[in-house]
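Inspection log for the structure reproduced underneath, given as structure tokens.
There are 2 protein chains.
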Amino acid sequence: MDSPDLALAPERGRLKMADIARMAGVSISTVSRALAGNTLIPKTLRDQIVEIAQTHGYVVNQSARNLRLRKTDTIGVIIPLAHEAGQMISDPFFLEMVGRLADEITRRDYLVLLNKVITGEPGWLDRIIQSHRADGLLIIGQSTQHDALNGVAATYRPMVVWGAPIPGHRYCLVGSDNHEGGRLAVSHLVARGRRRIVFLGEIDAPEAIQRFEGYRAGLMEAGIAFDPALVIPSHYTREDAQGAVEGLLASGVAFDAVLAFSDVLALAALTTLQRAGKRVPGDVAVVGFDDILLAQHSTPPLTTIRQDLEAGARIMVDLLFRRMAGDSSPSTISPVRLVARESA
Amino acid sequence: MDSPDLALAPERGRLKMADIARMAGVSISTVSRALAGNTLIPKTLRDQIVEIAQTHGYVVNQSARNLRLRKTDTIGVIIPLAHEAGQMISDPFFLEMVGRLADEITRRDYLVLLNKVITGEPGWLDRIIQSHRADGLLIIGQSTQHDALNGVAATYRPMVVWGAPIPGHRYCLVGSDNHEGGRLAVSHLVARGRRRIVFLGEIDAPEAIQRFEGYRAGLMEAGIAFDPALVIPSHYTREDAQGAVEGLLASGVAFDAVLAFSDVLALAALTTLQRAGKRVPGDVAVVGFDDILLAQHSTPPLTTIRQDLEAGARIMVDLLFRRMAGDSSPSTISPVRLVARESA
DNA sequence: AAAGCCTTAGGTAGCGTTTACTCCGCGCTG
DNA sequence: CAGCGCGGAGTAAACGCTACCTAAGGCTTT
Numbered sequence: 001m002d003s004p005d006l007a008l009a010p011e012r013g014r015l016k017m018a019d020i021a022r023m024a025g026v027s028i029s030t031v032s033r034a035l036a037g038n039t040l041i042p043k044t045l046r047d048q049i050v051e052i053a054q055t056h057g058y059v060v061n062q063s064a065r066n067l068r069l070r071k072t073d074t075i076g077v078i079i080p081l082a083h084e085a086g087q088m089i090s091d092p093f094f095l096e097m098v099g100r101l102a103d104e105i106t107r108r109d110y111l112v113l114l115n116k117v118i119t120g121e122p123g124w125l126d127r128i129i130q131s132h133r134a135d136g137l138l139i140i141g142q143s144t145q146h147d148a149l150n151g152v153a154a155t156y157r158p159m160v161v162w163g164a165p166i167p168g169h170r171y172c173l174v175g176s177d178n179h180e181g182g183r184l185a186v187s188h189l190v191a192r193g194r195r196r197i198v199f200l201g202e203i204d205a206p207e208a209i210q211r212f213e214g215y216r217a218g219l220m221e222a223g224i225a226f227d228p229a230l231v232i233p234s235h236y237t238r239e240d241a242q243g244a245v246e247g248l249l250a251s252g253v254a255f256d257a258v259l260a261f262s263d264v265l266a267l268a269a270l271t272t273l274q275r276a277g278k279r280v281p282g283d284v285a286v287v288g289f290d291d292i293l294l295a296q297h298s299t300p301p302l303t304t305i306r307q308d309l310e311a312g313a314r315i316m317v318d319l320l321f322r323r324m325a326g327d328s329s330p331s332t333i334s335p336v337r338l339v340a341r342e343s344a
Numbered sequence: 345m346d347s348p349d350l351a352l353a354p355e356r357g358r359l360k361m362a363d364i365a366r367m368a369g370v371s372i373s374t375v376s377r378a379l380a381g382n383t384l385i386p387k388t389l390r391d392q393i394v395e396i397a398q399t400h401g402y403v404v405n406q407s408a409r410n411l412r413l414r415k416t417d418t419i420g421v422i423i424p425l426a427h428e429a430g431q432m433i434s435d436p437f438f439l440e441m442v443g444r445l446a447d448e449i450t451r452r453d454y455l456v457l458l459n460k461v462i463t464g465e466p467g468w469l470d471r472i473i474q475s476h477r478a479d480g481l482l483i484i485g486q487s488t489q490h491d492a493l494n495g496v497a498a499t500y501r502p503m504v505v506w507g508a509p510i511p512g513h514r515y516c517l518v519g520s521d522n523h524e525g526g527r528l529a530v531s532h533l534v535a536r537g538r539r540r541i542v543f544l545g546e547i548d549a550p551e552a553i554q555r556f557e558g559y560r561a562g563l564m565e566a567g568i569a570f571d572p573a574l575v576i577p578s579h580y581t582r583e584d585a586q587g588a589v590e591g592l593l594a595s596g597v598a599f600d601a602v603l604a605f606s607d608v609l610a611l612a613a614l615t616t617l618q619r620a621g622k623r624v625p626g627d628v629a630v631v632g633f634d635d636i637l638l639a640q641h642s643t644p645p646l647t648t649i650r651q652d653l654e655a656g657a658r659i660m661v662d663l664l665f666r667r668m669a670g671d672s673s674p675s676t677i678s679p680v681r682l683v684a685r686e687s688a
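Protein chains in written order, with the working numbering: chain A, 1 to 344; chain B, 345 to 688.
Right, here's the structure in full:
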């Protein structure tokens with residue numbers, strides 16, 4: 001059928017536009033236009049060219065296209081991990097967030113470029129931006145990088161950050177009402193008669209700070225004095241939380257509830273407490289934060305502060321695309337709600 | 345300090361190598377070499393150039409680099425979703441796999457490009473390969489695309505597929521011993537006195553087929569006749585499995601155990617059975633497959649066939665990089681083991 | 001019938017790198 | 001002292017594409 005064409009094809013897999021042009025007997029620019037669906041080329045010719053390209057398995061080389069067009073049809077999703085504390089992309093919260101974002105992004109026919117970043121070396125963000133590998137950036141968690149983010153925000157628009165608002169932030173922020181979450185959790189625990197409420201987690205990132213502030217606000221509302229002995233630091237991993245809770249138990253400090261920074265920490269606390277013979281919620285009530293999938297499946301099911309990640313992801317991607325289109329978009333804080341299950 | 349340099353810089357954000365060259369008073373090629381650490385350039389000059397680049401926030405444009413070098417330092421992770429059955433990247437199994445792969449890939453300083461593909465349109469794989477956006481491809485699950493994969497395997501080397509071996513497969517395959525998994529599960533159930541064992545799942549993808557074959561082999565070993573009425577089809581989503589189990593209950597068919605294709609399905613079955621008043625494992629024992637994180641947290645904890653995803657991901661990435669280096673690497677099937685928890 | 005206009009198509013200049021090739025000057029050897 | 005090798009740096013040709021500019025016809029318009 002098209003035997004003459006075949007002779008013209010170079011080795012498979014390195015076909016370029018010029019090859020298709022030769023086969024079709026037209027110029028390169030005509031092929032480019034035809035494949036782009038440009039109506040400058042009459043429909044019949046366009047279809048012919050597309051047909052030839054298809055039967056030969058030709059596809060536009062994106063590296064070249066990206067260079068020429070100065071865009072990549074790709075969104076970078078960045079996971080900043082501070083301290084090299086061993087937290088990985090496999091962390092359930094990140095994973096859920098990444099999944100949701102990926103669903104939203106692919107729905108818009110963009111690709112997702114996943115970046116794990118060990119923050120610390122200054123200029124990491126500039127490096128990512130200037131490499132021009134993505135048309136926009138989604139940053140999951142400010143970690144301790146508020147200043148770095150603020151630094152680029154002035155000149156680099158297509159960026160949306162998940163996290164908590166810090167006075168003077170100039171980047172576009174999407175997040176939950178962490179303060180209210182902390183307050184809600186405490187008020188729920190207090191209503192169930194708890195008075196000695198542990199706060200489990202590292203208080204470094206803005207989200208953590210605000211949850212902690214909410215915790216203190218909740219205590220104050222209830223007229224309970226804040227006791228520093230009940231603040232138990234723990235990194236973001238299961239293992240770390242387990243160690244922290246074991247330490248707490250060993251210390252002999254009395255407590256009847258745990259409010260954890262995240263569900264991952266809460267679940268670790270739950271199992272550690274149970275293994276130590278404590279009944280949950282009988283002896284100790286446990287409240288988490290996030291409402292990851294696991295939360296509803298633990299034994300007992302975890303009471304937690306729910307962040308609607310699906311909505312959050314949708315908003316982030318929405319705002320990002322508006323920014324990429326030149327709009328300036330406002331930061332957005334979504335409400336949280338307490339999901340009462342059985343652990344508290 | 346370097347005030348004359350500043351005057352030469354164009355608007356921030358679009359610095360190119362030529363600008364750095366001008367600032368340093370050398371040619372473009374010298375800058376390129378210096379930034380690449382090429383020892384042709386004496387160390388002092390190299391350091392000077394790097395310094396200038398750094399203070400001005402210059403970073404090599406990857407689009408251009410990719411085009412010139414014909415490589416991207418990027419691995420494509422592809423999630424083929426058949427049937428448009430609503431399964432999303434947010435599916436726990438995919439997510440866990442993606443997380444593990446991402447950890448392995450970023451460890452090697454490559455980036456991860458996430459691709460959701462609705463298989464169906466022929467040529468989807470060619471399109472991805474020819475777009476030259478990634479240096480290698482990791483495909484999570486053969487789905488129904490065995491032929492498409494086999495088609496490109498001959499000419500496209502850097503590709504590794506997660507799934508189950510099919511006679512005559514020519515692509516590099518990594519997976520678990522699905523047949524043995526099915527057999528193990530049945531043998532475990534039989535040892536606990538179960539005789540009417542349901543198989544819950546779609547029997548379309550190779551992995552499913554082999555798990556099903558293992559199920560039949562297990563029955564045969566135990567001298568139990570295979571009963572087609574106990575094969576309950578269900579797509580890969582929670583919702584679908586729930587419907588399927590409800591249908592099963594309504595049908596009145598007697599059964600005392602469920603072996604599900606995946607943990608997601610098993611967990612859906614678990615809750616559906618409980619909601620219908622069945623006790624697990626009292627009335628019905630439930631066994632899953634995969635051992636996703638959720639499995640150990642359900643009530644009761646799920647007995648399941650464990651696939652070691654961490655090891656699997658490591659092997660996949662390992663083999664892929666060997667293939668990218670030109671080695672040909674063998675397919676690998678990892679053993680599975682039964683994790684007995686309380687649901688069976 | 002000359003002048004314009006629209007349609008259709010090609011030529012070609014980049015996009016920003018990397019690297020093979022060339023060139024220059026200096027210290028050595030024979 | 002001619003010639004040679006070599007360290008050091010520049011020139012220019014790709015990499016594969018898109019889009020601006022130009023041009024050739026075949027129309028309509030005055």
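A virtual CB, placed ideally from N, CA and C, is assigned to each residue, including glycine. In this text the structure is predicted, and so the values were computed from the model without any measurement.
Residue i - partner residues in DSSP beta bridges
{"i": "B/I462", "result": "B/L425"}
{"i": "B/F543", "result": "B/V575 and B/L603"}
{"i": "B/A380", "result": "DSSP, once it has assigned bridges, lists no residue as partnering B/A380."}
{"i": "B/G480", "result": "B/I419"}
{"i": "A/V26", "result": "In DSSP, A/V26 forms no bridge with anything."}
{"i": "A/D290", "result": "A/R306"}
6 Å Cβ shell around residue i - same chain, five flanking residues per side excluded
{"i": "A/T332", "result": "V174 and I315"}
{"i": "B/Q554", "result": "A508, N522 and H523"}
{"i": "B/P466", "result": "none"}
Which of helix, strand or coil DSSP assigns to residue i
{"i": "A/S176", "result": "strand"}
{"i": "A/T303", "result": "strand"}
{"i": "B/R452", "result": "coil"}
{"i": "B/V680", "result": "coil"}
{"i": "B/G587", "result": "helix"}
{"i": "B/L616", "result": "For the sequence presented, residue 616 of chain B should be read as Thr rather than Leu. B/T616: helix per DSSP, three-state reduction."}
{"i": "B/L663", "result": "helix"}
{"i": "B/V404", "result": "coil"}
{"i": "B/A629", "result": "strand"}
{"i": "A/D103", "result": "helix"}
{"i": "A/D204", "result": "coil"}
{"i": "A/V345", "result": "Nothing can be reported for residue 345 of chain A: it is not among the residues displayed for chain A, which extend from 1 to 344."}
{"i": "B/L359", "result": "coil"}
Residue j beta carbon less than 9 Å from that of residue i
{"i": "A/L113", "j": "B/L457", "result": "yes"}
{"i": "B/L411", "j": "A/S63", "result": "yes"}
{"i": "B/R560", "j": "B/G526", "result": "yes"}
{"i": "A/L200", "j": "A/S234", "result": "yes"}
{"i": "B/Y454", "j": "B/D491", "result": "no"}
{"i": "B/I364", "j": "B/I393", "result": "yes"}
{"i": "A/V280", "j": "A/R306", "result": "no"}
{"i": "B/I541", "j": "B/L574", "result": "yes"}
{"i": "A/V317", "j": "A/L101", "result": "yes"}
{"i": "A/G141", "j": "A/L184", "result": "no"}
Residues near residue i by beta carbon distance below 7 Å, same chain, minus five either side
{"i": "B/S376", "result": "M361"}
{"i": "A/Y171", "result": "L149, N150, A153, M159 and V161"}
{"i": "B/Y500", "result": "I473"}
{"i": "B/P354", "result": "Residue confidence for B/P354 is low, a pLDDT of 38 falling below 50, so the modelled location carries little weight; the figure read from the coordinates is stated next. These residues qualify, in order along the chain: D363."}
{"i": "A/S27", "result": "A21"}
Chain A contact residues for residue i, given Cβ-Cβ distances below 9 Å
{"i": "B/T643", "result": "H297, S298, T299, P300 and P301"}
{"i": "B/L603", "result": "Chain A residues near B/L603: none, gap ~20 Å exceeds 9 Å."}
Chain-order list of residues whose beta-carbon lies under 8 Å from that of residue i (same chain, five-residue window excluded)
{"i": "B/N459", "result": "G420, V421, I422, I423 and I472"}
{"i": "B/D607", "result": "P436, F437, G632, F633, D634, D635, I636, L638, A639, L646 and T648"}
Interface residues of chain B facing residue i [CB-CB closer than 8 Å]
{"i": "A/S63", "result": "S407, N410, L411, R414, T416, H476 and R477"}
{"i": "A/V26", "result": "Those within 8 Å of A/V26 in chain B number zero; the least Cβ separation is about 20 Å."}
{"i": "A/L95", "result": "L439, E440, V442 and G443"}
8 Å Cβ cut-off: residues of chain A touching residue i
{"i": "B/D470", "result": "G57 and V59"}
{"i": "B/L455", "result": "L113, L114, N115 and R133"}
Neighbour list for residue i in chain B, Cβ cutoff strictly below 7 Å
{"i": "A/T391", "result": "Residue coverage of chain A in this structure runs from 1 to 344, which leaves residue 391 of chain A outside it and unanswerable."}
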